[in-house]
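Read top to bottom, the protein sequences are chains A and B.
Just so we're aligned: the first sequence equals residues 0 to 341 in numbering that gives the first Met the number 0.
Just so we're aligned: the second sequence equals residues 0 to 341 in numbering that gives the first Met the number 0.
Note that the Cβ used here is the ideal one computed from N, Cα and C, for glycine as well.
Written below as structure tokens is the structure these notes are about.
There are 2 protein chains.
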Amino acid sequence: MDTPAPDRLPTLADVAARAGVSTATVSRCLNDPARVQKATRQKITEAVTALGYSPNFGARALAAKRTDTIGAIIPTLDNSIFARGLQAFQSALVDHGMTLLLASSSFRPDLEAAQIRTLVARGADGLMLIGHERDPALYDFLERQGVPVLVSWVHAPEQPRASVGFDNRAAMTAMAHAVIDRGHRRLATISGYTQANDRTRDRVAGIRDAMVDRGLNPGTLQVVETHYGIETGARAFSQVMGNEQPPTAVICGNDLLALGAMRQARRLGLSVPGDVSVTGFDDMELSSIADPPLATVRIPHAEMGTQAAGMLTQMVRGGARPESVALPCDLCLRASLGPVPG
Amino acid sequence: MDTPAPDRLPTLADVAARAGVSTATVSRCLNDPARVQKATRQKITEAVTALGYSPNFGARALAAKRTDTIGAIIPTLDNSIFARGLQAFQSALVDHGMTLLLASSSFRPDLEAAQIRTLVARGADGLMLIGHERDPALYDFLERQGVPVLVSWVHAPEQPRASVGFDNRAAMTAMAHAVIDRGHRRLATISGYTQANDRTRDRVAGIRDAMVDRGLNPGTLQVVETHYGIETGARAFSQVMGNEQPPTAVICGNDLLALGAMRQARRLGLSVPGDVSVTGFDDMELSSIADPPLATVRIPHAEMGTQAAGMLTQMVRGGARPESVALPCDLCLRASLGPVPG
DNA sequence: CTGAAAGCGCTAACAC
DNA sequence: GTGTTAGCGCTTTCAG
């Protein structure tokens, strides 16, 4: 019945031969079943199953000039900061028939640049990147290669590229308002590094905005920059609390930093929020069960990932140039933020 | 100076023409620079830069019959359980010149099967999967396609496929020994679903092993299965504590479940470990700063990811069939595990 | 609705 | 060390 299996994978031609049609018809049937007659379709389906046919990716990509693959480069997967949005991004991509190529940059612009080139060389039809700030040569490269880019984690409609994200600055301003309105005047922030990072910079700027709004001198804001992490947050907390005029509230640029700060407060014998208030940014799953529960800003991870997948799919398929999308953040005011002591 | 840019991306032929060499030489130079003379190499490099050449992925894949891409399918990125190992896996892949294609299964075998086929259709040279248990037809498919598989998160040398992971059963036995040796006799476990999941099943079996070792009746182990999560862990905890003979120690199959259990204990007014001990499995970054710090089993995420990347690269490049690798787990005995009350 | 055939851009023999 | 060239397997006009 079967032709004795040759020592190679079945090709379109094998399927065509077995189904008694041309390769063109098989190709159509596989890519858009509606374009072939039902009877033909059945014969082809039978042949595909019988032969265990699976299309050759390289050949398809070469002929079709697309891979149905989207690349994403995120700073790290080591904590849940970017992983959650990525989960939504990936599953939405699957829903759109796309596959995810993933790379990480470890927050290093040079590595990110290399990854961008790698993903393009690996056939990514489009790219999802975090934040706008990078060497313009990279954007030129992507434009020449015809690879559309969507930026996430920021909302910056003034930028020439589409983005889907939230207003880091405004979100942090809202949190800082909440802090100041509880009587705090001496403020510190533990921020992620602000170099080559528009998100962290915007968050610090957002605190200063709030201080100005409330008649405080933004020059008095104590700023410590460090890597995102629990340990680093703990060390930074010790540092700011060791100052001559220690803050009564420490506004952290991220939940990990804030959780580290709270742990360190406990070690130093300081009560949160009795002696010092601490706030975060992100609303990680565990922040609400911290002790005390962490006041933070909820980032719309899932929504951001889902929308990014949809927009990017549209961009690579339809050549669309969608408008930037702004997503709302929620203020989660929990017990780690209290009134100023005394 | 330049030929007026045609309305298409430069190809190998363009580079060859500009450099005054053949396409074969350019190809060699790009893939193995040592195989062309230095002078030739320089001319080619210059042409590549001037033209802004970037290789066409489909053509390369078609001709070379490989993509230098590895696929991975993990249950979810929504929490850090699998994300941390993936980070190590991805960066080690990059070090080996490979790129990561990522999919997720949401713990659903049917979705995982679909993803396996998708990743193969998208050109994955090899696949990293979590756990051994899946439809044998999938393994047949992969074998026919010549796509090697490496299984992670388990150590099961009796299986026909290579794996890199740890002995879930033995690791859990070690933890259960520690629990029993603190006087606990009434034990409960909150486990992930054990259907189609060799890891969760092994962990429960490990507890029973320990009970037998210490002369307890393994039939008395109270078992609740649920999804991994804080909320689900909390609910499961309420459930086991509502039994006639509530346990004095709740051994959780995962840190998220354990953190949820501890939160629920607080809500129920139970002291941990005063009234009931709780243990986890994973050692998430936040488990050590929980209150009380969570006793747990440390999984070698990074080592597992790094080794998996190396082994898979070897498998797809050299056709090697490496030995399974067993990695050690560490017992982290922290304050959430205390002596039996009374 | 289906078939014939021309490439897509690169790699890897093989020859020099 | 370098050039020539024959495919790789699929998609896509263009005819019929």
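Nearest to W152 (chain A) (by Cα), restricted to the options A:E243, A:G70, A:M127: It is A:M127 whose Cα lies nearest to the Cα of W152 (chain A).
Closest by C-alpha distance to D134 (chain A), when choosing among A:T44, A:I298, A:S79, A:L110: Of A:T44, A:I298, A:S79, A:L110, the smallest CA-CA separation from D134 (chain A) is found for A:L110.
DSSP-derived helix/strand/coil call for T75 (chain B): T75 (chain B): coil per DSSP, three-state reduction.
Runs of alpha helix (DSSP H) lying entirely within the stretch 198-250 of chain A, each at least 4 residues, in chain order: Here the runs fully enclosed are 229-240.
Within 8 Å, strictly: CB atoms of L258 (chain A) and L285 (chain B): Yes, they are a contact pair.
Beta bridge counterpart(s) of T68 (chain B) as assigned by DSSP: Answer by DSSP bridge pairing, in chain order: B:T98.
Alpha helix (DSSP H) segments (min. 4 residues) lying fully within the stretch 116-147 of chain B: Counting only runs of 4 or more, we get 135-144.
L336 (chain B) - DSSP class collapsed to helix/strand/coil: Note: L336 (chain B) maps to coil in three-state DSSP.
Residues that V119 (chain A) contacts on chain B, provided the C-beta gap is smaller than 9 Å: Residues of chain B with a Cβ closer than 9 Å to the Cβ of V119 (chain A) are, in chain order, S53, F56.
Own chain residues within Cβ distance below 7 Å of P156 (chain B), not counting five before or after: So the qualifying residues of the chain are S323.
Per DSSP, the bridge partner or partners of S103 (chain B): For S103 (chain B), the beta-bridge partners assigned by DSSP are B:I73.
Local conformation of G191 (chain A) per DSSP, three classes: Of the three classes helix, strand and coil, the one that applies to G191 (chain A) here is strand, per DSSP.
Nearest candidate by alpha-carbon position, reference V26 (chain A), set A:R7, A:A49, A:A62: For clarity, residue 26 (chain A) is Ser in the given sequence; the question names Val instead. Sorting A:R7, A:A49, A:A62 by C-alpha distance to the C-alpha of S26 (chain A) places A:A62 at the top.
Cβ neighbour criterion (16 or more within 10 Å) applied to Q36 (chain B): Label assigned to Q36 (chain B): exposed.
Within chain A, the residues that Q144 (chain B) reaches when beta carbons sit closer than 8 Å: Chain A residues near Q144 (chain B): L8, S53.
Interfacial residues, the stretch 71-102 of chain B to chain A, with Cβ spacing under 8 Å: The stretch 71-102 of chain B vs chain A, Cβ under 8 Å: T75, L76, D77, N78, S79, A82, R83, L85, Q86, Q89, S90, V93, T98, L99, L100, L101, A102.
Presumed contact (8 Å Cβ cut-off) between N196 (chain A) and Y227 (chain A), rounded CB distance: A Cβ-Cβ separation of about 11 Å leaves N196 (chain A) out of contact with Y227 (chain A) under the 8 Å criterion.
Distance CB(D124 (chain B))-CB(D212 (chain B)) smaller than 8 Å: When the beta-carbon positions are compared, D124 (chain B) and D212 (chain B) stay at least 8 Å from each other.
Contact list for the stretch 261-293 of chain B against chain A, Cβ threshold 7 Å: Residues R262, E284, L285, I288, D290.
Within chain A, partners of A60 (chain B) - CB distance below 7 Å: For A60 (chain B), the C-beta contacts it makes with chain A under 7 Å involve F56, G57, A60, in order along the chain.
Counterpart residues of L149 (chain A) in DSSP-defined beta bridges: For L149 (chain A), which the question treats as bridged, DSSP gives the partners A:M127.
T231 (chain B) versus B:T219, B:L215, B:C251, residue with shortest Cα-Cα distance: Taking only the C-alpha atoms, the option nearest T231 (chain B) is B:C251.
CB contact below 8 Å: L126 (chain A) versus chain B: It does not; no Cβ of chain B falls within 8 Å.
Whole alpha helix (DSSP H) elements within the stretch 296-338 of chain B, 4-residue minimum: Qualifying alpha helix (DSSP H) stretches, in chain order: 300-317.
For A18 (chain A), the residue or residues it bridges with in DSSP: Looking at the DSSP output, A18 (chain A) shares a beta bridge with no other residue.
Sheet register partners of D281 (chain A) (DSSP bridge): In the DSSP output, where bridge partners are listed per residue, D281 (chain A) has A:R297.
Three-pair Cβ contact test at 8 Å for the stretch 271-280 of chain A versus the stretch 173-183 of chain A: Flag = yes, the stretch 271-280 of chain A and the stretch 173-183 of chain A touch.
Element boundaries [beta strand (DSSP E), containing V163 (chain B)]: Note, V163 (chain B): beta strand (DSSP E), 162-164.
Identity of the residue in B:G317, B:R200, B:V239, B:L311 nearest E132 (chain B) by Cα: The shortest C-alpha separation from E132 (chain B) is found at B:R200.
Interface residues of the stretch 229-262 of chain B facing chain A [CB-CB below 7 Å]: For the stretch 229-262 of chain B, which is checked against every Cβ of chain A, the residues closer than 7 Å are I229, L258, R262.
Cβ neighbours of H300 (chain A) in the same chain (closer than 7 Å, five flanking residues each side left out): The answer, listed in chain order, is R83, G84, A87.
C-alpha gap between L137 (chain B) and M314 (chain A), whole angstroms: Cα to Cα, L137 (chain B) sits roughly 34 Å from M314 (chain A).
Cα-Cα separation between S287 (chain A) and V222 (chain B), rounded to whole angstroms: S287 (chain A) and V222 (chain B) have their alpha carbons spaced roughly 27 Å apart.
L186 (chain B), DSSP secondary structure in three states: L186 (chain B): strand per DSSP, three-state reduction.
Pairwise C-alpha distance: V249 (chain B) and G241 (chain A): Answer to the nearest angstrom: the Cα atoms are 41 Å apart.
Through-space distance from I43 (chain A) to T24 (chain A), alpha-carbon basis: Near 9 Å, if we compare the C-alpha coordinates of I43 (chain A) and T24 (chain A).
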